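In what follows, a structure is listed as structure tokens, so that the remarks can point back to it.
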Amino acid sequence: MDGTNPEAPRDADLIARAKRGDAHAYGNLYQRYAESIYKYIRLRVSDEHAAQDLTETVFLRTYESLGRYRERGLRFSAFLYQVARNLLVDYYRQAEDLVSIDETEPAVGGRMSMDERFIQHEEVEAIKRALKKLPEEYQEIIRLRVILDVPTQEVAEWMSKSSGAVRVLLHRALKALRREVEHHHVE
Amino acid sequence: MLNKDARNLDYCLTKIQSGAMTLEQALTAYPKHAGRLRELLEFAQTLRHELVPADPKPGFIRDSRSRIEHAIHSKFQPTTHILRPSRRLTLRPTYLLFVLVLITAIFGSGYGVYSASAASLPGDFLYSIKRAGEEVQLILSYSDTGDLQLLLNLAQERLDEYQALLDAARYDDLERALAGFEREVERLGERSVEGEIPSATFDHLDDQLEKHIQKLELIRDQVPGSAILSIEKALDKTRHSQAVIETLQEGGRPSDLAPGQQDKQTGNSKDSSKQNEHDRSSGEDKSKGQDKEKQKDK
Chain D
27 MDGTNPEAPR DADLIARAKR GDAHAYGNLY QRYAESIYKY IRLRVSDEHA
77 AQDLTETVFL RTYESLGRYR ERGLRFSAFL YQVARNLLVD YYRQAEDLVS
127 IDETEPAVGG RMSMDERFIQ HEEVEAIKRA LKKLPEEYQE IIRLRVILDV
177 PTQEVAEWMS KSSGAVRVLL HRALKALRRE VEHHHVE
Chain R
57 MLNKDARNLD YCLTKIQSGA MTLEQALTAY PKHAGRLREL LEFAQTLRHE
107 LVPADPKPGF IRDSRSRIEH AIHSKFQPTT HILRPSRRLT LRPTYLLFVL
157 VLITAIFGSG YGVYSASAAS LPGDFLYSIK RAGEEVQLIL SYSDTGDLQL
207 LLNLAQERLD EYQALLDAAR YDDLERALAG FEREVERLGE RSVEGEIPSA
257 TFDHLDDQLE KHIQKLELIR DQVPGSAILS IEKALDKTRH SQAVIETLQE
307 GGRPSDLAPG QQDKQTGNSK DSSKQNEHDR SSGEDKSKGQ DKEKQKDK
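Residue numbers (this note's numbering), protein chains in the order written: chain D, 27 to 213; chain R, 57 to 354.
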């Protein structure tokens, strides 16, 4: 994410300025990472407004913890991810997750009939149920690597694993999920 | 073997995700393993297609960034002390009584009572203790800047109470939380000079009210008939609170806005049932529009 535009300021420079109170610099960091953090949270939280609030809280908390962040091998996105994960743990402890009508929306439904929408909705729900049955690590790798397109090297930093371990985990997780989904179809 | 399969899978997935190759092109790199890889890669594509969340709403990133920058900016601004003529402290007699009770409670045996009141909500037995404690804080605040910050915090606290009441389905108590919110916002308006409070602060409060309105409109269709009236009242009151904020942002005074009056500019008091009808249909149109947007996004 840092390297998409070679002329864009580096994360390290923006962080240094943010630590000195440069709000605009931190705003640039926010602009850079907000969407990916939001989507990660949105995958974990069914209520859109809660996901928005949590996203904002991640960045506010990260700002407060900026003094602890040292860019020695750990990229800023990994730091954000850790804050997001901790916040989600708190969120689940405090609040019962509300089911939102968003969950009933099909991924693609522009020109589908009612029956087609219903079938697709059932398939999506089956996949979600199967995913929840997997070990947490498998769920996480599928969320990050498959659904959110986070590159392997970045996932490795976020999950504190080697790239090789991430690849193996992904392979196992996909096979396990596929088996689980097929098993559900047989039933 | 597993490591090799895992590496091949990761390579193909990376190429497909980056757009560098299609599925078929990626599989040509591994013709011997194409069968096994195809199953997993097609499955991965299905997962992504079905489960990827929609992008955040266009205004969210922009508005959220503004709020965050404002929060940082406020933290690092040097405090300015504005000289004013001596302030008149006005306390409602009821609160004065509870302030005295509170002081007795704190220095007597009842500090636990005060602590317990911190989480109370409008309608709870200890809520008056909580409000009295807030008045004490305001009295003890020694600067105008401290006052403003405290009043902002109190306004936010009222909204948090509102949220908690909503979550607990205590619709009858919502109006009380809103009345408290409007009072804090009015005091904020009285004690600040024009432009002293950044517009983004009011925008932030307004955003929260808007979210509450959306939630209430959603709930209205799901609750039994007996609760609908409370929700309608809460909706009216919440819209009134938005109008109060808008008035302050424009440099007016909330007293210009009579209760139930939502359109300051026309100067006409609106028939609230007609307003409800209009808002209901525009709320439905809005949610239909959002549905279309979601489908378009996905």
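Note that beta-carbon positions come from the ideal geometry of N, C-alpha and C, so glycine has one too. In this text, all values refer to a predicted model and were calculated from it rather than measured experimentally.
Starting from residue 112 of chain R, find everything on chain D with Cβ-Cβ shorter than 9 Å and list it in chain order.
-> Here the neighbours are 60, 61, 64, 65, 68, 74, 77, 78, 81.
What residue from D:33, D:158, D:63 has the CA that sits closest to residue 104 of chain D's CA?
-> Of D:33, D:158, D:63, the smallest CA-CA separation from residue 104 of chain D is found for D:63.
CB residue 294 of chain R to CB residue 234 of chain R, shorter than 8 Å?
-> Going by C-beta atoms, residue 294 of chain R is nearer than 8 Å to residue 234 of chain R.
Proximal chain D residues relative to residue 283 of chain R, where beta-carbon distance stays under 9 Å = Neighbours of residue 283 of chain R on chain D: none; closest Cβ ~17 Å, over 9 Å.
Counting Cβ pairs, one atom from each stretch, are 3 or more of them under 8 Å apart for the stretch 51–65 of chain D and the stretch 110–118 of chain R?
-> The way I'd put it, the stretch 51–65 of chain D does touch the stretch 110–118 of chain R; three or more beta-carbon pairs between them come closer than 8 Å.
Interface residues of the stretch 178–205 of chain D facing chain R [CB-CB below 9 Å] = Listed in sequence order: 178, 189, 190, 192, 193, 194, 195, 196, 197, 198, 200, 201, 203, 204.
Any contact of the stretch 65–83 of chain D with the stretch 32–45 of chain D, i.e. 3+ C-beta pairs under 8 Å?
-> In short, these stretches do not touch, since the Cβ pair count stays below three.
Cutoff 8 Å: residue 356 of chain R Cβ touching any chain D Cβ | Here chain R covers residues 57 to 354 and nothing more, so residue 356 of chain R does not appear.
Which residue comes first and which comes last in the alpha helix (DSSP H) that contains residue 41 of chain D?
-> Annotation for residue 41 of chain D: the continuous alpha helix (DSSP H) segment containing it runs 37–45.
Among R:188, R:174, R:243, R:297, which has the Cα closest to the Cα of residue 265 of chain R?
-> Nearest option by C-alpha distance: R:297.
May I ask you to report which of helix, strand or coil DSSP gives residue 263 of chain R?
-> Helix.
Span of the alpha helix (DSSP H), counted from its first residue to its last, around residue 86 of chain R = No alpha helix (DSSP H) holds residue 86 of chain R; DSSP gives it neither H nor E.
Give a yes or no on whether the C-beta atoms belonging to residue 237 of chain R and residue 215 of chain R are separated by under 8 Å.
-> Yes, they are a contact pair.
Quick one, which of R:272, R:246, R:106 has its alpha-carbon nearest residue 303 of chain R's?
-> With distances taken between Cα atoms, residue 303 of chain R lies closest to R:246.
So, is the C-beta of residue 217 of chain R closer than 8 Å to a C-beta in chain D?
-> Cβ-Cβ to chain D under 8 Å: no for residue 217 of chain R.
Residue 181 of chain R - DSSP class collapsed to helix/strand/coil = Correct three-state label for residue 181 of chain R: coil.
Burial state of residue 181 of chain R (16 or more Cβ within 10 Å) | Counting Cβ neighbours within 10 Å, residue 181 of chain R comes out exposed, since fewer than 16 surround it.
Per-residue contacts from residue 50 of chain D into chain R (C-beta, under 8 Å) | Within chain R, the C-beta atoms nearer than 8 Å to that of residue 50 of chain D come from 125, in chain order.
Please name the residue in D:96, D:89, D:61, D:87 whose C-alpha comes closest to that of residue 113 of chain R.
-> When each option's Cα is compared against that of residue 113 of chain R, the closest is D:61.
Residue 52 of chain D and residue 275 of chain R look like a contact to me (Cβ under 8 Å); what is the Cβ gap, rounded to whole Å?
-> With a Cβ gap of about 36 Å, residue 52 of chain D and residue 275 of chain R do not count as contacting.
CB contact check: residue 129 of chain R to chain D, cutoff 8 Å = Cβ-Cβ to chain D under 8 Å: yes for residue 129 of chain R.
If you run the structure through DSSP and keep just helix, strand and coil, what is residue 176 of chain R?
-> In the structure shown, residue 176 of chain R sits in coil (DSSP, three-state: anything other than H, G, I, E or B).
Does the stretch 198–211 of chain D come close enough to the stretch 153–168 of chain D to have 3 or more Cβ pairs within less than 8 Å?
-> At 8 Å Cβ cutoff, the stretches touch.
DSSP state of residue 336 of chain R mapped onto helix, strand, coil = Interpretation of residue 336 of chain R is limited by its pLDDT of 43, a score under 50 that renders its predicted location unreliable; no figure is taken from the coordinates.
State yes or no: is the beta carbon of residue 181 of chain R nearer than 8 Å to at least one beta carbon in chain D?
-> No, residue 181 of chain R lies away from the interface with chain D (no Cβ there is under 8 Å from its Cβ).
With distances taken between CB atoms, is the gap from residue 177 of chain R to residue 213 of chain R smaller than 8 Å?
-> Contact flag unset, no.
Any chain D beta carbon closer than 8 Å to residue 287 of chain R = Taking Cβ atoms only, chain D never reaches closer than 8 Å to residue 287 of chain R, which makes this a no.
Kindly list, in the order they appear in chain R, the residues whose Cβ is closer than 7 Å to that of residue 53 of chain D.
-> For residue 53 of chain D, the residues of chain R that pass the 7 Å Cβ criterion are 121, 124, 125, in the order they occur in the chain.
Close Cβ partners of residue 64 of chain R (< 7 Å) along its chain, the five nearest in sequence each way excluded | These residues qualify, in order along the chain: 86, 89, 93.
Listed from N- to C-terminal order along the chain, which residues in the stretch 33–48 of chain D have their beta-carbon within a distance smaller than 9 Å of any beta-carbon of chain R?
-> Residues 44, 46, 47, 48.
Are residue 109 of chain D and residue 88 of chain D touching if we call contact CB-CB under 8 Å?
-> It is a contact, given that the beta carbons lie within the stated cut-off.
Contact check, residue 290 of chain R vs residue 227 of chain R, beta carbons under 8 Å = Their beta carbons are under 8 Å apart, which means residue 290 of chain R touches residue 227 of chain R by this criterion.
Range covered by the alpha helix (DSSP H) that runs through residue 57 of chain D | Boundaries of the alpha helix (DSSP H) harbouring residue 57 of chain D: 49–70, taken from the DSSP string.
Using a Cβ cut-off of 8 Å, pull out every chain D residue sitting near residue 96 of chain R, in sequence order please.
-> Within 8 Å Cβ-Cβ: 197, 200, 201, 204.
Rounded to a whole number of angstroms, what is the C-alpha to C-alpha distance between residue 281 of chain R and residue 262 of chain R?
-> Distance from the CA atom of residue 281 of chain R to the CA atom of residue 262 of chain R, rounded to whole angstroms, is 29 Å.
Mind checking if residue 167 of chain D is an interface residue toward chain R, Cβ cutoff 8 Å exclusive?
-> Interface residue (Cβ-Cβ distance to chain R less than 8 Å): residue 167 of chain D is not classified as such.
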